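K.L.:
Please see the structure below; I have some questions.
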Amino acid sequence: MPDVEVEIVFAVPEKQLLQILIVESGATVADVIALSGVQKTFPDYRLDTMAVGIWGYEVDRDRAVKAGDRIEIYRPLKLDPREARRRLALSGRTMGNAEPG
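The sequence shown begins at 1 in the working numbering and counts up by one.
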């Protein structure tokens, strides 16, 4: 089976990783994460507990990757977006506008 080219991405406010890898056909999302060495680049983060996805859609780590897939590791949200909007509304502000009303 031919090898496939995939990307893996992970970002935190102070640092980002975008890496292109050539992996064996049949490799899984978990395989790509392990091969990328992303955990060594971000040792302070528990990547094994974070959700993963391909092109914005959450997937299981045992999903086989295809050529052109972009594997994304998602950090947990600090605040639910609905709760953030509710808090802004209570203070008279809106998303994207730091000034009241």
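Glycine residues also receive a C-beta, built at the ideal position from the N, C-alpha and C atoms. Predicted, not measured: the structure shown is a model, and the values here were computed from it.
What does the alpha-carbon distance come out to for the pair residue 51 and residue 72?
P.N.:
Each residue's Cα considered, the two are about 9 Å apart.
K.L.:
When DSSP labels each residue in this structure, what does residue 78 get in the three-state scheme?
P.N.:
coil
K.L.:
Between which two residues does the beta strand (DSSP E) carrying residue 35 extend?
P.N.:
It is not in any beta strand (DSSP E) - residue 35 instead sits in the alpha helix (DSSP H) that spans 29-36.
K.L.:
With 16 as the cutoff for other CB atoms within 10 Å, does residue 27 come out buried or exposed?
P.N.:
Looking at its Cβ environment, which holds 16 or more other Cβ atoms inside 10 Å, residue 27 is buried.
K.L.:
According to DSSP, simplified to helix, strand and coil, what is residue 63?
P.N.:
coil
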